[in-house]
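**Q** Under our numbering, read the sequence shown as residues 2 to 562, first letter to last. Every residue gets a Cβ at the ideal spot worked out from N, C-alpha and C, and that includes glycine. Fair warning: this is a prediction, and the values are worked out from it, not measured in the lab.
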Amino acid sequence: MTATATRDREADRLFAQLGESILGRDQQATRQTLLDLLAADRDPVEILSETVRTHGPYTNVPYHQRVDGGVMRFVNNDHCMLSSRTSLTLPRYLPPELKHLPIAQTLWYVPTGLDPWNQLIGRMPGHYGRRTYKPVPGVEPPPPERHWEDQEPLHIEGTFEERLNEWLTLVERGEVIRAYRVFLGLFEETERRKELLAQLVFAGLIDVQGRLLYNRSYTTGHKAYRARATIELGQAIGWENAHHILYAGVLDVAVGPRWHSEYEMACQVELYRLREELPGSSIDPTPGANRDAELFANEAPLSEPEAEGLIRALTTMPEPDYIEHLVALLLAGRGPRQIIDTIQVAAANVLLETVVPDEFSMPQHAYEYTNTVRWFYDTFEHPHRTKLLFVAGSFVNQAARWIANLKGHGRPLIAPPKESESLSGDQLLSRLDDALMALNKEESVAWTQAYLDAGFGRSPLVQTLTTAAVKHGNDPHNQEIGLCLAEDYGHSTSSRRDTLLLASAWHTAGHRKYGDSLESYRRFAEALGVSASGEGRGEGDPEEAVLDQIEELPDPASPGQ
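#1: Counting only the same chain and skipping the five closest in sequence on each side, list residues whose C-beta sits under 7 Å from that of residue 108.
#2: What do you reckon, are the CB atoms on residue 345 and residue 302 nearer than 7 Å?
#3: If you follow the alpha helix (DSSP H) that residue 438 is part of, which residue opens it and which one closes it?
#4: Which residue wins for smallest C-alpha separation from residue 166, given the options 140, 198, 111?
#5: So, does the segment 83 to 99 touch the segment 232 to 245, judging by three or more C-beta pairs under 8 Å?
#6: So, does the segment 472 to 482 touch the segment 98 to 116, judging by three or more C-beta pairs under 8 Å?
#7: To the nearest angstrom, how far is the alpha carbon of residue 369 from that of residue 139?
#8: In terms of alpha-carbon separation, which member of 297, 268, 294 lies closest to residue 283?
#9: Give the straight-line distance between the Cα atoms of residue 102 and residue 466, rounded to the nearest whole angstrom.
#10: Since residue 327 contacts residue 391 with CB under 8 Å, what's their CB separation in whole angstroms?
#11: What does the alpha-carbon distance come out to for the pair residue 158 and residue 164?
#12: Could you tell me which residues DSSP puts in a beta bridge with residue 68?
#13: Is residue 405 helix, strand or coil by DSSP?
#14: Would residue 66 pass as a contact of residue 258 if the rule is Cβ separation under 7 Å?
#15: Alpha carbon to alpha carbon, how far is residue 397 from residue 428? Give it in angstroms, no decimals.
#16: Quick check on the DSSP output: what are the complete alpha helix (DSSP H) runs of length 4 or more inside the segment 15 to 85, in order along the chain?
#17: Output the distance between the C-alpha atoms of residue 417 and residue 452, rounded to the nearest integer angstrom.
#18: Apply the 10 Å Cβ neighbour rule to residue 214 and answer buried if 16 or more other Cβ atoms are within range, or exposed otherwise.
#19: Output the boundary residues of the alpha helix (DSSP H) element that contains residue 118.
#20: I believe residue 351 touches residue 333 by the beta-carbon criterion, under 8 Å. Please report the beta-carbon distance rounded to the nearest angstrom.
#21: Contact check, residue 510 vs residue 408 under 8 Å by CB: the rounded distance?
#22: Express the C-alpha separation of residue 104 and residue 482 in angstroms, rounding to a whole number.
#23: Is the Cβ-Cβ distance between residue 400 and residue 358 less than 7 Å?
#24: Can you tell me whether residue 498 is helix, strand or coil according to DSSP?
#25: Could you pull the start and end residues of the alpha helix (DSSP H) that residue 366 belongs to?
#26: Which whole runs of the alpha helix (DSSP H) in the segment 110 to 156 are 4 residues long or more, in chain order?
#27: Can you say whether residue 82 is buried or exposed, counting buried as having 16 or more other CB atoms within 10 angstroms of its CB?
#28: Rounded to the nearest angstrom, what separates residue 85 and residue 243 at their Cα positions?
#29: Do residue 337 and residue 387 count as a contact pair if the criterion is CB distance below 7 Å?
#30: Assuming contact is defined by CB atoms lying nearer than 7 Å, are residue 254 and residue 205 in contact in what I supplied?
#31: In the segment 178 to 253, which residue ranges form an unbroken alpha helix (DSSP H) of at least 4 residues, counting only runs that do not cross its ends?
#32: Is it buried or exposed, residue 348, if we count other Cβ atoms within 10 angstroms and call 16 or more buried?
#33: Only counting the same chain, and skipping five residues up and downstream in sequence, which positions put a Cβ closer than 6 Å to that of residue 494?
#34: Considering only residues of the same chain and omitting the five flanking positions on each side of residue 450, which have a CB-CB separation below 6 Å?
#35: Counting beta carbon pairs with one atom in the segment 215 to 230 and one in the segment 133 to 153, are three or more of them shorter than 8 Å?
#36: Among all the DSSP beta bridges, which residues are the ones paired with residue 276?
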């Protein structure tokens, strides 16, 4: 996107109308304005930028937990910005006629996602207020509330490293405004910007809850996902025009509650299990991060028995079994990227164990966390990144134990349909698409397995799975899981990476839907004259097209640029 996209009077009118429609919570008007903007050849990145500019002030919350009559209640994380991020990347996986479907799903959702705090306590309508808000005939609901005002940069003393650590300390303490102001001050130092952005994501990745079972307030890695969305949107828009992206994405990292116990565990493991020279006392000076860097330089792959052992420890054994496996692998020279790829397979297996639609939330967030760690590894150099393997392991292990202790779960035995051997690749994909649209997760996995067993090219399968994930709307954060699985399949080093495709089919057909999950897709298809049958796969060779797209993804432009 250029620094200042040229606009005429009509474009100004349409963008003003977009903002009014979003703040008026009018999904129909928002959808129509989007279509008008696309018809006027406005850049989708520009549309996303203005969308975030509109919702950003109203998608922060004062706290992610509240006390309701003595009972602890969870306050949800924003999904608008996460969905905007997927709208940048998902079009690479879709047939050309559906390239704007991700942004259409985003704009359908955003008017319902404003001010989650007041929605949850029944003060206004929306996605989170659907069970608490009671409209009064003839009375307009109040406008969304801005819980945190934008701020001016604050410049503090010290070296850049000292100030970067001070910012992280402010985040850990929950000093939201001062942390945000210090971040803005640091952001002005363009030559060190990439280090700051790495620290932003790191602050989110180390903030992960210490338990899932019989708990309701979690971070589920959301602060890292929001940080990633901030970076990818800011990079696409151009940082010189992206202050509103920082306002929408940076404040929340310091909003409480904050949980760092899992990362503290990782620090203790690194200190006492991965170093040759042990600390003499807990009050000794903090050692440097050189050991973390040494371990991150490991590149050896896992053997099949090692991968099987780690997956079993993560998915079936209580803590600290997976910790012992991770320690042994790192000391044996196994690479962190190869290890996180194996953890992703374990997380995908947990998704495949999940049966009840309402209970996909923790397994899907555990998977997204592993996806974000892998992206972090490929995007940034950070002195403490190896330790994130233990946080990822903890999250996946918690999700596995959570599912194991709930009723009605367990991976069913699913065999490919008998008639599958006589079908072509296109016929198998057609059957798969029908099953995905019908939300039949058993058949979806069966047809996916049949396609894999037949040995057809994987890229058309990736496209079919990802397209299905985008078609099911209502809460487009869920389509992000389909994107995560596709991204990771494209660069996974694991010999078991086909598990990610099975998990994609299972998740898309099985996760919780709200109302008619295909309504937004059908409206979009009708407006653009696209068949809503799910049969169209675009022009050209889909295998080559998607293969090219997958190969492009691991090499994004530098986020600090």
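**A** In terms of the structure at hand:
#1: Mapped onto the sequence shown, residue 108 falls at position 107. Cβ neighbours of residue 108 beyond the five flanking positions: 31, 32, 35, 52.
#2: As a working note, residue 345 is residue 344 in the sequence shown. As a working note, residue 302 is residue 301 in the sequence shown. No.
#3: For this step, residue 438 is matched to residue 437 along the sequence shown. Per DSSP, residue 438 belongs to the alpha helix (DSSP H) from 426 to 438.
#4: Taking the first residue of the sequence shown as 1, we reach residue 166 at position 165. Checked all of 140, 198, 111; the closest Cα to residue 166 is 198.
#5: yes
#6: yes
#7: Within the sequence shown, numbered from 1, the residue matching residue 369 stands at position 368. Within the sequence shown, numbered from 1, the residue matching residue 139 stands at position 138. Their backbone Cα atoms lie some 43 Å apart in a straight line.
#8: Here the question's residue 283 lines up with position 282 in the sequence shown. Looking at the Cα atoms, 268 is the closest of the given residues.
#9: Taking the first residue of the sequence shown as 1, we reach residue 102 at position 101. Taking the first residue of the sequence shown as 1, we reach residue 466 at position 465. Going by the C-alpha atoms only, they are around 15 Å apart.
#10: Here residue 327 refers to the residue found at position 326 when the sequence shown is read from its first residue. Here residue 391 refers to the residue found at position 390 when the sequence shown is read from its first residue. Yes, they are in contact, since the Cβ atoms of residue 327 and residue 391 sit about 6 Å apart, within 8 Å.
#11: Counted from its first residue, the sequence shown places residue 158 at position 157. Counted from its first residue, the sequence shown places residue 164 at position 163. For residue 158 and residue 164, the distance between alpha carbons rounds to 7 Å.
#12: Walking along the sequence shown from the start, residue 68 turns up at place 67. In the DSSP output, where bridge partners are listed per residue, residue 68 has 73.
#13: The residue you call residue 405 lines up with position 404 of the sequence shown. Three-state result, residue 405: helix.
#14: In the sequence shown, the residue the question calls residue 66 occupies position 65. In the sequence shown, the residue the question calls residue 258 occupies position 257. Result yes, Cβ atoms of residue 66 and residue 258 sit closer than 7 Å.
#15: As a working note, residue 428 is residue 427 in the sequence shown. As a working note, residue 397 is residue 396 in the sequence shown. Residue 428 and residue 397: Cα-Cα distance of roughly 35 Å.
#16: 28 to 40, 45 to 56
#17: By 1-based counting over the sequence shown, the position of residue 417 is 416. By 1-based counting over the sequence shown, the position of residue 452 is 451. Their backbone Cα atoms lie some 9 Å apart in a straight line.
#18: Looking up residue 214 in the sequence shown gives position 213. Classification of residue 214: exposed, given that the 10 Å Cβ count is below 16.
#19: Here residue 118 is taken as the residue at index 117 of the sequence shown, counted from 1. Looking at the DSSP string, the run of the alpha helix (DSSP H) that includes residue 118 is 117 to 121.
#20: Along the sequence shown, one-based indexing puts residue 351 at 350. Along the sequence shown, one-based indexing puts residue 333 at 332. Not a contact, Cβ separation roughly 25 Å.
#21: Sequence index remark: in the sequence shown, residue 510 carries index 509 (1-based). Sequence index remark: in the sequence shown, residue 408 carries index 407 (1-based). Their Cβ separation, rounded to whole angstroms, is 21 Å, which puts residue 510 and residue 408 out of contact at 8 Å.
#22: Within the sequence shown, numbered from 1, the residue matching residue 482 stands at position 481. Within the sequence shown, numbered from 1, the residue matching residue 104 stands at position 103. Distance between the alpha carbons of residue 482 and residue 104 is about 16 Å.
#23: Counted from its first residue, the sequence shown places residue 400 at position 399. Counted from its first residue, the sequence shown places residue 358 at position 357. Contact flag unset, no.
#24: Residue mapping note: residue 498 aligns to position 497 of the sequence shown, counting from 1. Correct three-state label for residue 498: coil.
#25: Within the sequence shown, numbered from 1, the residue matching residue 366 stands at position 365. Here the alpha helix (DSSP H) through residue 366 covers 362 to 380.
#26: 117 to 121
#27: Within the sequence shown, residue 82 is the residue found at index 81, counting from 1. By the neighbour-count rule (16 or more Cβ atoms within 10 Å), residue 82 is buried.
#28: Position 84 of the sequence shown, counted from the first residue, corresponds to residue 85. Position 242 of the sequence shown, counted from the first residue, corresponds to residue 243. Each residue's alpha carbon lies about 14 Å from the other.
#29: As a first step, residue 387 must be located in the sequence shown, where it is residue number 386. As a first step, residue 337 must be located in the sequence shown, where it is residue number 336. Cβ atoms of residue 387 and residue 337: closer than 7 Å.
#30: Taking the first residue of the sequence shown as 1, we reach residue 254 at position 253. Taking the first residue of the sequence shown as 1, we reach residue 205 at position 204. Yes, they are a contact pair.
#31: 194 to 206, 223 to 238, 244 to 250
#32: As a position in the sequence shown, residue 348 is number 347, starting the count at 1. Label assigned to residue 348: buried.
#33: Translated into the one-based positions of the sequence shown, residue 494 becomes position 493. Hits under 6 Å: 339, 342.
#34: Against the sequence shown, residue 450 aligns to sequence position 449. Closer than 6 Å at Cβ, skipping near neighbours: 417.
#35: no
#36: Here residue 276 refers to the residue found at position 275 of the sequence shown. DSSP, once it has assigned bridges, lists no residue as partnering residue 276.
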